[in-house]
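Novice: One structure follows; several queries about it will come next.
Residue numbers (this note's numbering), protein chains in the order written: chain A, 3 to 424; chain B, 3 to 424.
See below:
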């Protein structure tokens with residue numbers, strides 16, 4: 003583990019990259035754009051950020067983003083690209099996640115030196131692990147609560163996302179439970195609107211889940227979207243706990259780091275973390291941050307399940323990026339047993355049985371939630387056929403049986419391929 | 003005021019824009035990428051988002067962002083651009099800012115239909131104003147606490163940003179107070195690091211400020227950066243209040259909406275809101291959101307002072323954008339006295355006396371904090387000369403006296419122009 007905070011960036015600049023990197027380090031610690039009387043050598047030694055690495059890449063002829071500056075006297079500038087690592091003394095900020103963000107992802111994206119700047123990764127001293135709770139349940143705790151040992155949790159999302167009443171939502175939950183589902187989540191658009199109030203929905207849904215559990219012994223995990231103000235979230239969490247629920251959900255970018263941390267510190271249930279809005283941080287290759295950096299911060303703050311899109315989804319993200327994100331969530335952040343802060347990746351959007359093999363092959367793990375919407379509800383055999391088809395393909399993938407061979411053995415999987423495999 | 007929530011977007015798509023806008027509306031309300039059995043006409047009537055407007059702009063030959071889709075069978079697609087307005091029934095989410103973000107700025111930035119998508123503005127029903135506190139002090143309250151009636155608050159930032167001890171910070175504050183400053187802020191990199199703990203800094207700084215106030219009757223407003231977890235922020239706020247302080251500061255993107263709301267609901271002091279990290283949301287013209295949309299949400303949650311960069315700053319933002327941001331902060335959000343939620347814009351970065359005239363001419367108001375770093379500390383006459391020069395230029399700007407004419411009357415202003423006007 004590093005003793006200093008480290009952050010990796012991709013930069014594009016009309017200046018020599020090493021010089022631009024020094025400007026970043028200065029702006030994000032003891033320096034600024036003009037010399038300052040108080041910035042003594044002793045002060046720099048204890049507080050300045052350092053450029054640890056600057057590896058130049060192939061340049062670009064035109065700037066990726068507008069309004070960047072060029073050095074005085076530069077005729078027709080070349081936009082040089084580099085991978086840069088900066089480091090900071092922990093003493094500047096202490097192990098504080100909000101202040102970490104101001105340091106590694108603060109006022110540097112707008113600096114005139116850069117026509118592109120992305121945060122690629124961060125590495126944190128152990129003090130952060132000591133200061134933050136991390137996920138309370140992670141993979142093992144989620145599997146235990148959901149009663150699912152080897153396969154991914156087969157999950158789905160309540161659809162239509164909004165517009166159902168609490169009782170209509172509960173009726174859908176009953177039919178999904180009867181179809182054999184492991185996991186259901188609210189849509190991120192459904193929290194506590196007057197048309198479907200949180201408390202009424204939680205009560206109706208938990209009655210349905212409890213009834214099914216009493217009959218079958220299987221308690222479906224339902225992620226209730228309690229996104230809101232701190233006090234609201236705590237109150238809703240306690241309501242869900244009291245009703246026997248096993249999961250709560252938040253929109254990370256809507257509540258922010260202080261929100262998740264406050265919820266987590268008083269939470270008794272896994273936190274299902276939705277990243278809606280993530281496209282803003284990630285879609286331009288020239289600005290923003292990688293999911294590898296992003297998910298570390300939220301895991302440390304307490305996220306148990308992290309959304310990563312899915313293979314061949316309805317979103318723009320390439321499949322390699324989806325897998326890199328999921329692998330990042332499963333990679334320990336710190337050394338030592340119980341200190342990895344692993345979160346369970348959630349694959350969703352356009353998911354169905356036929357994607358199990360490719361997902362397992364690429365990720366090398368079945369420790370995930372596979373959330374299929376249409377892949378379950380639009381299955382020719384109904385929701386039960388959809389759920390069965392997903393379990394059949396995952397069983398086959400784990401056993402090394404090819405998809406088409408498994409399809410020969412299972413009607414539901416054959417139906418899924420006929421319906422969704424086009 | 004609209005009865006529905008409205009949001010304006012700029013979009014770029016290889017589909018007919020009206021069709022792409024319908025996809026956005028569907029994804030962000032009751033629809034999804036496949037037909038769903040439960041999405042009845044009645045449900046749509048009560049829950050669906052609507053496309054209110056779709057005004058096509060000139061198209062582009064190449065996509066602004068990678069990985070966007072193209073319609074099946076499209077040969078060489080044109081990327082059509084449009085301004086689009088969507089609306090949502092309030093009943094879907096209620097007046098909840100975190101859930102507003104999930105609705106208007108959630109899972110739509112990644113949709114395959116778009117090679118560019120920016121949120122330009124939002125308009126909210128009155129119910130939001132009833133549900134949220136808005137700024138507790140705003141322009142009038144800040145002026146009252148700082149004892150500044152007509153001119154902008156002349157302000158500065160503690161530099162070096164990090165590395166000073168509490169006592170060194172207090173010594174700098176004493177010299178700035180003696181120079182006649184109205185407002186000082188912590189740098190966003192300085193919160194509660196072990197090298198300069200919050201409590202020790204607040205105590206030392208407030209001793210210096212109180213000593214100066216006892217002697218002169220003028221109490222400098224100091225914005226203490228209390229960015230952190232909710233409980234930490236509340237504790238630090240109460241410490242500052244107990245010490246007689248008059249302002250606290252947060253990094254908005256670090257703490258998030260739930261964090262600011264929780265702080266504001268128990269705060270007795272103005273909240274100085276720093277937007278570091280903002281470049282991530284704004285630097286690509288093809289993705290993210292405008293400051294016009296962004297600042298509305300934070301004002302409603304309780305921000306009293308909002309950073310907007312400054313004219314000719316060290317950042318990439320064009321001057322027109324800076325002025326549009328500042329004007330947005332001063333524009334009432336709702337009708338009726340005391341319901342405008344106006345925040346005081348903070349001009350900073352590369353600021354000095356010579357920018358007063360252009361700032362006043364462009365903004366048409368002196369209701370701002372003019373935070374000058376080098377423009378004060380690097381003035382040939384020292385900090386007192388720097389502060390005086392800024393007041394002289396603002397007095398002249400408000401009186402309609404041109405800068406060069408005012409410089410003929412004031413040594414400090416002449417010195418500032420000689421030093422910084424190059």
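No residue lacks a Cβ here, since even glycine has one placed at the ideal position from N, Cα and C. The structure presented is a predicted model; accordingly, all values stated were derived computationally and were not measured.
Report the option in 420(A), 84(A), 215(A) whose CA atom is closest to the CA atom of residue 176(A).
Specialist: What you label residue 176(A) is simply residue 174 of the first chain in a count that begins at 1. Ranking 420(A), 84(A), 215(A) by Cα distance to residue 176(A) puts 215(A) first.
Novice: I'd like to know whether the C-beta atoms of residue 186(B) and residue 229(B) end up nearer to each other than 8 Å.
Specialist: Here residue 186(B) refers to the residue found at position 184 of the second chain. Here residue 229(B) refers to the residue found at position 227 of the second chain. Not closer than 8 Å, so no.
Novice: When you compare each of 46(B), 119(B), 90(B), 91(B) to residue 285(B) by their alpha carbons, which one comes out closest?
Specialist: Position 283 of the second chain, counting from 1, holds the residue named residue 285(B). Answer by Cα proximity: 119(B).
Novice: Please state if the CB of residue 313(B) and the CB of residue 361(B) are separated by a distance shorter than 8 Å.
Specialist: Counting from one through the second chain, the residue named residue 361(B) turns up at place 359. Counting from one through the second chain, the residue named residue 313(B) turns up at place 311. Yes.
Novice: Less than 8 Å separating the beta-carbons of residue 154(B) and residue 396(B)?
Specialist: Walking along the second chain from the start, residue 154(B) turns up at place 152. Walking along the second chain from the start, residue 396(B) turns up at place 394. The answer is yes: Cβ separation under 8 Å.
Novice: Report yes if the C-beta distance between residue 87(A) and residue 54(A) is below 8 Å; otherwise report no.
Specialist: Translated into positions along the first chain, residue 87(A) becomes position 85. Translated into positions along the first chain, residue 54(A) becomes position 52. In this structure, residue 54(A) lies closer than 8 Å to residue 87(A) by Cβ.
Novice: Let's see if you can read the secondary structure: which residues bound the beta strand (DSSP E) around residue 359(A)?
Specialist: The residue given as residue 359(A) occupies position 357 in the first chain. Careful: residue 359(A) lies outside any beta strand (DSSP E), inside the alpha helix (DSSP H) at 358-365.
Novice: Is residue 366(A) near the ligand ADP, in the sense that its beta carbon is under 7 Å from a heavy atom of that ligand?
Specialist: Absent from the structure shown: the ligand ADP. Ligands present: none.
Novice: So what does residue 187(B) bridge to, in DSSP terms?
Specialist: The count along the second chain starts at 1 and reaches residue 187(B) at position 185. DSSP output for residue 187(B) lists 159(B), 225(B) as bridge partner(s).
Novice: Pick helix, strand or coil for residue 93(B), following the three-state DSSP scheme.
Specialist: The sequence position of residue 93(B) within the second chain is 91, counting from 1. Of the three classes helix, strand and coil, the one that applies to residue 93(B) here is helix, per DSSP.
Novice: Going by DSSP, which residues form a beta bridge with residue 347(A)?
Specialist: Along the first chain, read from residue 1 onward, the residue named residue 347(A) stands at position 345. DSSP lists 308(A) as partners of residue 347(A).
Novice: Could you tell me which chain B residues have their CB closer than 7 Å to the CB of residue 317(A), listed as they occur along the chain?
Specialist: On the first chain, position 315 is the one that residue 317(A) refers to. Here the neighbours are 112, 113, 114.
Novice: Counting C-beta neighbours from all protein chains within 10 Å, is the total for residue 334(B) 16 or more, i.e. buried, or is it exposed?
Specialist: For the purposes of this step, residue 334(B) is taken as residue 332 along the second chain, with counting starting at 1. Residue 334(B) should be labelled exposed.
Novice: What beta strand (DSSP E) runs, 3 residues minimum, are completely inside the stretch 225-272 of chain B?
Specialist: If we require 3 residues or more, the beta strand (DSSP E) runs fully inside the stretch 225-272 of chain B come out as 249-253.
Novice: Thinking just about the alpha-carbon of each residue, which of 419(B), 235(B), 321(B), 58(B) is nearest to the one in residue 273(B)?
Specialist: Mapped onto the second chain, residue 273(B) falls at position 271. Comparing Cα positions, the closest option is 235(B).
Novice: Counting pairs of beta carbons, one from the stretch 111-131 of chain B and one from the stretch 64-75 of chain B, are three or more of them closer than 8 Å?
Specialist: Output reads yes: the stretch 64-75 of chain B touches the stretch 111-131 of chain B.
Novice: Just to check my reading of the structure: residue 96(A) and residue 194(B) have Cβ atoms closer than 8 Å, yes? What is that Cβ distance to the nearest angstrom?
Specialist: Residue mapping note: residue 96(A) aligns to position 94 of the first chain, counting from 1. Residue mapping note: residue 194(B) aligns to position 192 of the second chain, counting from 1. Right, their Cβ atoms sit about 6 Å apart.
Novice: Name the chain A residues that come within less than 7 Å of residue 328(B), Cβ to Cβ?
Specialist: Locating residue 328(B) in the second chain gives position 326, counting from the first residue. Correct list: empty, because the minimum Cβ distance to chain A is about 16 Å.
Novice: Within 8 Å of any Cβ in chain A, is that where the Cβ of residue 194(B) sits?
Specialist: Here the question's residue 194(B) lines up with position 192 in the second chain. It does; some Cβ of chain A falls within 8 Å.
Novice: With distances taken Cα to Cα, identify the nearest neighbour of residue 84(A) among 368(A), 408(A), 13(A).
Specialist: Here residue 84(A) refers to the residue found at position 82 of the first chain. Selected option, being the one with the closest Cα: 13(A).
Novice: Who are the Cβ neighbours of residue 51(B) in its own chain at under 7 Å, not counting the five residues just before and after it?
Specialist: On the second chain, residue 51(B) is found 49 positions in, with the first residue counted as 1. Only 27, 30, 31, 88, 89, 90 meet the Cβ criterion.
Novice: Would DSSP call residue 8(A) helix, strand or coil?
Specialist: Taking the first chain and counting its residues from 1, one reaches residue 8(A) at position 6. Three-state DSSP puts residue 8(A) in a strand.
Novice: Starting from residue 291(B), follow the beta strand (DSSP E) in both directions and report where the run begins and ends.
Specialist: Position 289 of the second chain, counted from the start, is the residue given in the question as residue 291(B). Start and end: 289-291.
Novice: Give me whichever residues DSSP pairs with residue 378(A) in a beta bridge.
Specialist: Looking up residue 378(A) in the first chain gives position 376. Looking at the DSSP assignment, residue 378(A) forms no beta bridge with any residue, so it has no partner.
Novice: If you count every other CB in all the chains shown that lies within 10 Å of the CB of residue 110(B), and 16 or more means buried, which is it?
Specialist: Within the second chain, the letter at position 108 stands for residue 110(B). So residue 110(B) counts as buried.
Novice: Is the beta carbon of residue 400(B) sitting closer than 8 Å to the one on residue 408(B)?
Specialist: Taking the first residue of the second chain as 1, we reach residue 400(B) at position 398. Taking the first residue of the second chain as 1, we reach residue 408(B) at position 406. No, they are not a contact pair.
Novice: For residue 282(A), go through chain B and note every residue whose CB falls closer than 8 Å to its CB, in chain order.
Specialist: Position 280 of the first chain, counted from the start, is the residue given in the question as residue 282(A). Residues of chain B passing the Cβ test: 107, 111, 282, 283, 289, 290, 291.
Novice: Between residue 189(A) and residue 222(A), is the Cβ-Cβ spacing less than 8 Å?
Specialist: Counting from 1 along the first chain, the entry for residue 189(A) is found at position 187. Counting from 1 along the first chain, the entry for residue 222(A) is found at position 220. Result no, Cβ atoms of residue 189(A) and residue 222(A) do not sit closer than 8 Å.
Novice: Anything in the stretch 197-221 of chain A with a Cβ closer than 7 Å to a Cβ of chain B? List those residues in chain order, please.
Specialist: Of all residues in the stretch 197-221 of chain A, 197 have a Cβ within less than 7 Å of some Cβ in chain B.
Novice: Spell out whether any CB of chain B is found under 8 Å from the CB atom of residue 176(A).
Specialist: Within the first chain, numbered from 1, the residue matching residue 176(A) stands at position 174. By this cut-off, residue 176(A) is not an interface position.
Novice: Residue range of the beta strand (DSSP E) that residue 121(B) falls in?
Specialist: Taking the second chain and counting its residues from 1, one reaches residue 121(B) at position 119. From DSSP, the beta strand (DSSP E) with residue 121(B) extends over 116-125.
Novice: If you compare alpha carbons, which of 279(A), 100(A), 219(A) is closest to residue 101(B)?
Specialist: Start at 1 with the first residue of the second chain, and residue 101(B) comes out as number 99. Nearest of 279(A), 100(A), 219(A) to residue 101(B), Cα basis: 279(A).
Novice: Counting beta carbon pairs with one atom in the stretch 329-343 of chain A and one in the stretch 292-301 of chain A, are three or more of them shorter than 8 Å?
Specialist: Verdict: yes, contact present.
Novice: Check whether the Cβ atoms of residue 161(A) and residue 38(B) lie closer than 8 Å to each other.
Specialist: Here the question's residue 161(A) lines up with position 159 in the first chain. Here the question's residue 38(B) lines up with position 36 in the second chain. Closer than 8 Å, so yes.
Novice: Name, please, each residue of chain A whose Cβ falls closer than 8 Å to the Cβ of residue 13(B).
Specialist: On the second chain, position 11 is the one that residue 13(B) refers to. Near residue 13(B) there are no residues of chain A at all, since even the closest Cβ is about 13 Å away, more than 8 Å.
Novice: Along the chain, where does the beta strand (DSSP E) that runs through residue 373(B) open and close?
Specialist: Residue numbering aside, residue 373(B) sits at position 371 when the second chain is read from its first letter. 371-373 is the span of the beta strand (DSSP E), which, as asked, contains residue 373(B).
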